[in-house]
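**Q** So in the UniProt record's numbering, spot 121 of the sequence shown is number 121, and the numbers just go up one at a time.
Beta carbons are placed, not taken as given, at the ideal position from N, Cα and C, and that holds for glycine.
Since the structure is predicted, the reported quantities are computational estimates derived from the model, not experimental observations.
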Amino acid sequence: MLDEFDIFKDFLKQHHLRWTPQRKSILKVFLQQKGHVPIDDLHKKIQAQDPTIGIATLYRTMKLLMDAGLAEMHTFNEKTTYEHLYQIRHHDHLICKVCGKTVEFEHPLIEKYQVEVCERHNFTLKSHRMELFGICYECQK
1 MLDEFDIFKD FLKQHHLRWT PQRKSILKVF LQQKGHVPID DLHKKIQAQD
51 PTIGIATLYR TMKLLMDAGL AEMHTFNEKT TYEHLYQIRH HDHLICKVCG
101 KTVEFEHPLI EKYQVEVCER HNFTLKSHRM ELFGICYECQ K
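(1) In the DSSP assignment, what residue or residues form a beta bridge with residue 40?
(2) According to DSSP, residue 75 sits in a beta bridge with which residue or residues?
(3) Straight-line CA distance for residue 34 to residue 98?
(4) Does the stretch 44-64 come close enough to the stretch 8-28 to have 3 or more Cβ pairs within less than 8 angstroms?
(5) Tell me the DSSP secondary structure of residue 102 in three-state form.
(6) Which value, in whole angstroms, describes the spacing of the CA atoms of residue 14 and residue 128?
(7) Indicate whether residue 93 and residue 107 have their beta-carbon atoms separated by less than 9 angstroms.
(8) Taking the C-alpha atoms as reference points, what is the distance between residue 70 and residue 61?
(9) Would residue 4 pass as a contact of residue 121 if the rule is Cβ separation under 9 angstroms?
(10) Let's see if you can read the secondary structure: which residues bound the beta strand (DSSP E) around residue 92?
(11) What is the residue span of the alpha helix (DSSP H) that residue 132 lies within?
(12) Starting from residue 24, trace the alpha helix (DSSP H) in both directions and tell me its first and last residue.
(13) Please tell me whether residue 80 and residue 135 are closer than 9 angstroms, where the distance is taken between their beta carbons.
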């Protein structure tokens, strides 16, 4: 099985783009993160290793990582975060509208029902994202 670096290198090559030290550094730091990482936090960690990498380079590289299927962008309460996807199990999100707390969950019946709905409508499902918004227990107190 290919690792994330090989997948990204292949993607760049297919699109006639270069595998640069900056892209390598960004991918390395990104893959070290757990869960949903805000772009500002990611930028600070990257800057600590290589101060020459600017925010524009980071945004462009994150777009390439998403196009390569290695990252996904989420916006929770107007805050943009990124999450790596490769070898990660699919999950959905519960998002508190008050504090922004995000809970990841998965349920096989939900996944099964989505497939059934697609089949019923002769629709080929490629991907999906479910975000349920509400108020967490702590904020209800």
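**A** Answer, in terms of the structure:
(1) Paired residue(s): none; residue 40 is not in a bridge.
(2) 80
(3) 23 angstroms
(4) yes
(5) strand
(6) 25 angstroms
(7) no
(8) 11 angstroms
(9) no
(10) 92-96
(11) Careful: residue 132 lies outside any alpha helix (DSSP H), inside the beta strand (DSSP E) at 131-134.
(12) 21-32
(13) no
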